[in-house]
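Taking the working numbering, the leading residue of the sequence shown gets 537, the next gets one more, and so forth. For glycine and all other residues, C-beta sits at the position ideal for the given N, C-alpha and C. Quantities reported herein were computed from a predicted structural model and do not represent experimental measurements.
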Amino acid sequence: MLCPRDRNALTTVVRDTPHGNIELDVCDRCHGVWFDRRELAEALRLDNLDAFAPDSPLLDGDRVSLPCPRNPHVRMRARHLVVGNDPRIPQLELDQCAECGGVWLDGGELPTTIAALKDAHVRPFLENHETAKMGSAALWLFMFFTGLPVEQWNPRVRRPVVMPLLVIACVLGFLWQLSGGETSLTASVLAFGLVPWRLFAGDWTSLVTYIFLHAGIAHLAGNMYFLWVFGDNVEDRLGRARFFFLFLGAGITAGLTHAVLSPDKSMPVVGASGAISGVMAAYAILFPRTRLLSLIVFFRVRWRASIYLFGWLALQVFGAFFTKQHIAWWAHIGGFAAGAAFAAKYRPQAPSAPSSIAQR
Numbered sequence: 537m538l539c540p541r542d543r544n545a546l547t548t549v550v551r552d553t554p555h556g557n558i559e560l561d562v563c564d565r566c567h568g569v570w571f572d573r574r575e576l577a578e579a580l581r582l583d584n585l586d587a588f589a590p591d592s593p594l595l596d597g598d599r600v601s602l603p604c605p606r607n608p609h610v611r612m613r614a615r616h617l618v619v620g621n622d623p624r625i626p627q628l629e630l631d632q633c634a635e636c637g638g639v640w641l642d643g644g645e646l647p648t649t650i651a652a653l654k655d656a657h658v659r660p661f662l663e664n665h666e667t668a669k670m671g672s673a674a675l676w677l678f679m680f681f682t683g684l685p686v687e688q689w690n691p692r693v694r695r696p697v698v699m700p701l702l703v704i705a706c707v708l709g710f711l712w713q714l715s716g717g718e719t720s721l722t723a724s725v726l727a728f729g730l731v732p733w734r735l736f737a738g739d740w741t742s743l744v745t746y747i748f749l750h751a752g753i754a755h756l757a758g759n760m761y762f763l764w765v766f767g768d769n770v771e772d773r774l775g776r777a778r779f780f781f782l783f784l785g786a787g788i789t790a791g792l793t794h795a796v797l798s799p800d801k802s803m804p805v806v807g808a809s810g811a812i813s814g815v816m817a818a819y820a821i822l823f824p825r826t827r828l829l830s831l832i833v834f835f836r837v838r839w840r841a842s843i844y845l846f847g848w849l850a851l852q853v854f855g856a857f858f859t860k861q862h863i864a865w866w867a868h869i870g871g872f873a874a875g876a877a878f879a880a881k882y883r884p885q886a887p888s889a890p891s892s893i894a895q896r
């Protein structure tokens, strides 16, 4: 292989790592180093061997840079670290081939890489996502008694703001519903819930008000749990404004879908589940490889987020066609579809790899 900087032949050296011996290719002239896929993480003794994968959440950037040493006909892309707030630490930059996943570090960039990975905001992304959060007894007890899934590993860059505000809004809405006792709860559902025939008669405000009302404490708690688990990462990836419009847009789409397809046009519907279905769909699109843990009886199951959440969607479709429970199945389906469509253009992408240098 040739150095992408000066076209000098690279020299192979062997390094011992906890993952075994790896062969690195070094330029004796410029001191740059080529790492095949995963080799940089192995050389730095990271638990997460996919920390420098082309679709890693740690990396961003798609500017055309040097030819790939492994595939000389392909241009690499200049990438930078997107996590890390310590101004004393130099910004990490590297060149990566989207086709083979290899990474090129110029001479002197390896110490910068090591320093950048010491930032406290970066460390959670370096954990082994296969084993993170596996041993907590409280976690197992929670899954056993609730049947709810938990996130195994999905660190975020920024603290969520919109997601907790939406949780607070839903809780305050429920407390308002209870302010006059049991009759107040029923009256609020009848007055501000989404009733299909009333919606078609012009009661469009119920498309928003129904989202922030709930039929009981279990209904509220279940919805808020799923919003809390999935909403922080979706807000982190999309940004606050987009996340808010995703939530509201999915909720409105869910209400319209229910109004059109539900056979009962007089039953009022309340709850944020349609909007949260959109958040869950966005999570499945944006973080498909993230693992969710759940218990089936006493057996632990590790699901890919995409498989678990699209499986949940399949159950909603089954419920819509084959059960007669008073659940807004079509609202869940409509909200999920809206969230998936919204998030599709923000899904993680590896840097593009043009097929030929001559095309540039």
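Contact check for F661 against N759 fails: the beta carbons are separated by 8 angstroms or more. The alpha-carbon separation between L714 and L646 amounts to approximately 60 angstroms. In the pairwise beta carbon analysis, the stretch 727-735 is classified as not touching the stretch 756-772: fewer than three pairs are separated by under 8 angstroms. When the alpha-carbon of H609 is set against those of C633, A879, G787 and A589, the nearest one is in C633. Residue nearest to L749 within the set A876, G638, F780 and V806 is V806 (criterion: CA-CA distance). Straight across, the Cα-Cα distance linking L831 with I704 is about 29 angstroms. Note that the C-beta distance between G597 and R613 is below 8 angstroms. Spatial neighbours of P691 in its own chain (CB-CB distance under 6 angstroms, excluding positions within 5 residues in sequence) are listed in chain order as P660 and F661.
Per DSSP, the continuous alpha helix (DSSP H) segment holding G709 begins and ends at V698 to L714. When the beta-carbon positions are compared, G870 and I863 stay at least 8 angstroms from each other. In the structure shown, I863 falls within a coil segment according to DSSP collapsed to helix, strand and coil.
Residue environment: E635 is assigned as buried (16 or more neighbouring CB atoms within 10 Å of its CB, all protein chains considered). Note that the C-beta distance between F571 and L582 is not below 8 angstroms.
The shortest CA-to-CA distance from Q627 to any of V744, A652 and G638 is the one to A652.
The way I'd put it, the stretch 816-830 doesn't touch the stretch 730-750; fewer than three beta-carbon pairs between them come closer than 8 angstroms.
At the C-beta level, V693 and H657 come within 8 angstroms of one another.
Of the candidates R778, W764 and W712, the residue whose Cα lies closest to the Cα of A751 is W712. Annotation: W740 is outside any alpha helix (DSSP H) and is labelled neither H nor E by DSSP. Within the DSSP bridge table, the entry for H616 names D596 and E629 as partners. Contact between G810 and G791 holds: CB atoms are separated by about 6 angstroms, below the 8 angstroms threshold.
Residue state for L641 is assigned as strand, using DSSP reduced to three classes. Nearest in C-alpha terms to A577, of all of T859, A880, S592 and C566, is S592. Around the beta carbon of T548, fewer than 16 other beta carbons lie within 10 angstroms, which makes this residue exposed. Remark: C-beta atoms of R615 and P603 do not approach each other more closely than 8 angstroms. Within the stretch 746-777, the runs of alpha helix (DSSP H) that reach at least 4 residues and sit entirely inside it are, in chain order, 753-774. Counting along the chain, no alpha helix (DSSP H) covers S830; the unbroken beta strand (DSSP E) around it starts and ends at R827 to I832. Note: F835 is bridge-paired with I832 in the DSSP secondary-structure output.
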